[in-house]
Amino acid sequence: MIKCKGCGKENPRYALTCPACSAPPELTDAECRDLLREAEEAMGKNDFVTAVDIYKFLAAAGSVDGERELGLILEKGQLVPRDLDMAVQYFYSAAQKGDPIAALKYSRLLVGNDALADYWLAFSALMGCKEAYPDVFTLYSSYKERATASYYCWLLADDGEVDAKIEMGRRHLYGDGVEQNERMSKWYIEQIDHVPLHAIKLCRRIEAVEGKSVRPEPPKFTERKKITEKLIAASRKFGYSKAMLLLAQNYSESESKDANVFLALLHIEGIEYPQNVDEGIAILEEAMAGGSVMAAKCLGDLYAKGEHIEQNPRIATKYYRRAAELGAQEECESLGDIFHSGLLTEPDYALAIKLYARGAAAGDFACQRKLRAMEEEREINYVEASKLERSSPESAFPLFKKSVDAGYIPAHARIGWYYERGIGTKVNGKAAYLHYKAAYEAGDKRAIESLGRCYARGIGVAFDFKRASELLSIAREMGSHSADRELYRIYENKKRHMVRSLYSTATRLYYNRKYDTARSMFEVCMEIGLGEATYSIGCLYEFGITTEPDRKTALRYYKKAYDQGYSDPRQYHKQCMLRIWKQS
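In my numbering, the protein residues as written are 1083 to 1666.
Below, the structure is given as structure tokens:
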């Protein structure tokens, strides 16, 4: 007996409204279960009128079980006159609430909308309706999704379907969506007692396989994640919020890194949950920390679009980059488009190409097409920049940069020259060195001399005589006269550095009163052409240090030092040497 929640009066005849206050029925879950049990008992007693009244009452109260059962009754027309239009309405209402049987029935009765019918059929099978398996096997076979079709065929075969066993035998024989193994095919055929006429030829072919049959492992439903994602997207498109929630909950039970992403989005959008953006973002952050590419992409979309949170391109770009770092396999195209277009920040052609290349390697035709387009574009930019280089080098720089950013190796050597000299941009030695180095490591011979010059002059990198001489020697052997001149310059600098070092040592020895050794070093430096050393030898002769005093010889050395470019107008150097000598 059901009591009205409004007035408390009992409703003994299952009237669709309260006899006292005309209020529509409001039932608890426990009351629904009790009424379903009463309906089943009435059916067992052949009291069909009472059973139908209960189902109508439950359907009016919004019970999914009542809607489904009433739809089945109206479809068959056994207890009431057959009414397919009403049956479709009840099945549709129950399907929207997530009932898999009603979803299957609705998909079969739906006319004129194949996409919607396929959606409800796939939904029914995914939610575990066994009656849907034959139809969904046919559906995925028509879509050429062989692995998924094989999974549902295996479920039917495991349930004893003879035709499904024959089909699984054929699939293992030819490797159609499952492992190709003739002995596994043989195992399925051995499970059949009576072979149908249409399969005799195939079964004889399989029975002739040599060796003992092998029981196959159950195929894995590898496409469950992808199918669930497609169904959730379709649920959003068609506005089926309850079905979307059920699919999201089903998805969350998987072991995928993306398991809770769709539940987070339902919280953010307020679908079947009170809207709570902070909670949704927290769930997405947690999923991203666990390695979810989808979560990172969703967070990027939130901040890029600014629909449920304040728009922030900088934060959006950060999340998109994180998605790319996590190895976005299924998001390669969309992420590549973001970084190629530069809608949020400056374009990042290198990252866009990397993402397109990753998608192309996985067989994504759209990524392959966009990758080819970008490769052609960067070559065109390089050619155009090369044409502009003589007439307008400042205008050529942006085109070279686009080409470099898109990963075109020959452009590195050219743009390094622009950074080195500050043409079209600011002088940036570090950038010049890095571009020359990238070109050299990629095998661009034109960068050898430029990189050697960086090491020789300390452009963007510490001076390295050994590395500079190696690279410039290679460039000279290739016929570069400028490399030959640069080599001469660094060797002369090296020689001057060595002479200065030797002269400093000689001076230090002289101050330590080791005059003979100091004289020998002064003479070596003088022979090399150091004017200061020649002048020091003149001082030794003038003061008679390590030799007899000889002013005439001293004057000759002073003149020679002057010719070598050294002068001591205030005689400070001479006085220092004389003072040290007197102190000894």
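Glycine is no exception: its CB is placed at the ideal position from the N, C-alpha and C atoms.
Quick one: residues in its chain with C-beta nearer than 7 Å to the C-beta of residue i, no 5 flanking neighbours on either side, listed in chain order?
i            : result
residue 1629 : 1622 and 1623
residue 1319 : none
residue 1215 : 1207, 1234, 1237 and 1238
residue 1663 : 1625 and 1627
residue 1547 : 1572 and 1576
residue 1305 : 1227, 1229 and 1230
Taking 7 Å as the threshold (C-beta atoms), are residue j and residue i in contact?
i            : j            : result
residue 1581 : residue 1619 : no
residue 1201 : residue 1218 : no
residue 1558 : residue 1565 : yes
residue 1600 : residue 1608 : no
residue 1401 : residue 1378 : yes
residue 1266 : residue 1300 : no
residue 1434 : residue 1421 : yes
residue 1444 : residue 1453 : no
residue 1538 : residue 1574 : no
residue 1173 : residue 1153 : yes
residue 1288 : residue 1312 : no
residue 1405 : residue 1375 : yes
residue 1339 : residue 1373 : yes
residue 1448 : residue 1415 : yes
residue 1500 : residue 1542 : no
residue 1456 : residue 1488 : yes
residue 1344 : residue 1314 : yes
residue 1150 : residue 1111 : no
Consult DSSP for residue i and reduce its assignment to one of helix, strand or coil.
i            : result
residue 1211 : coil
residue 1274 : coil
residue 1113 : helix
residue 1053 : Missing from the structure shown is residue 1053; the chain here goes from 1083 to 1666 and no further.
residue 1302 : coil
residue 1388 : coil
residue 1628 : coil
residue 1374 : coil
residue 1238 : helix
residue 1379 : helix
residue 1505 : coil
residue 1394 : coil
residue 1224 : helix
residue 1427 : coil
residue 1418 : helix
residue 1611 : coil
residue 1286 : helix
residue 1295 : coil
residue 1260 : coil
residue 1652 : coil
residue 1488 : coil
residue 1638 : helix
residue 1133 : helix
residue 1498 : helix
Considering only residues of the same chain and omitting the five flanking positions on each side of residue i, which have a CB-CB separation below 6 Å?
i            : result
residue 1147 : 1118
residue 1365 : 1342 and 1346
residue 1465 : none
residue 1490 : 1460 and 1464
residue 1125 : 1133
residue 1358 : 1349
residue 1476 : 1506
residue 1109 : 1143
residue 1051 : Only positions 1083 to 1666 of the chain appear in the structure, and residue 1051 is not among them; the question remains open.
residue 1555 : none
So which of the options has the shortest CA-CA distance to residue i?
i            : options                   : result
residue 1425 : 1495, 1415, 1439 and 1395 : 1395
residue 1417 : 1386, 1586 and 1587       : 1386
residue 1552 : 1460, 1237 and 1531       : 1531
residue 1335 : 1197, 1539 and 1209       : 1209
residue 1206 : 1187, 1480 and 1191       : 1187
residue 1144 : 1131, 1371, 1123 and 1176 : 1176
residue 1646 : 1640, 1657, 1635 and 1613 : 1613
residue 1327 : 1527, 1648, 1665 and 1310 : 1310
residue 1525 : 1293, 1492 and 1141       : 1492
residue 1228 : 1213, 1252 and 1241       : 1252
residue 1562 : 1587, 1428 and 1527       : 1527
Go through its chain and collect everything with a Cβ distance to residue i's Cβ below 8 Å, but skip five positions before and after it.
i            : result
residue 1164 : 1156, 1157 and 1158
residue 1631 : 1623, 1624 and 1625
residue 1518 : 1494, 1495, 1498, 1529, 1532, 1533 and 1536
residue 1274 : 1244, 1247, 1248 and 1285
residue 1303 : 1230 and 1233
residue 1254 : 1260, 1261, 1262, 1263, 1264, 1266, 1267, 1270 and 1298
Entirely enclosed alpha helix (DSSP H) segments - the stretch 1517–1564, minimum 4 residues: 1529–1539 and 1547–1559
Contained alpha helix (DSSP H) runs [length at least 4] in the stretch 1153–1222, N- to C-terminal order: 1166–1178, 1182–1191 and 1196–1208
Whole alpha helix (DSSP H) elements within the stretch 1310–1370, 4-residue minimum: 1323–1334 and 1343–1351
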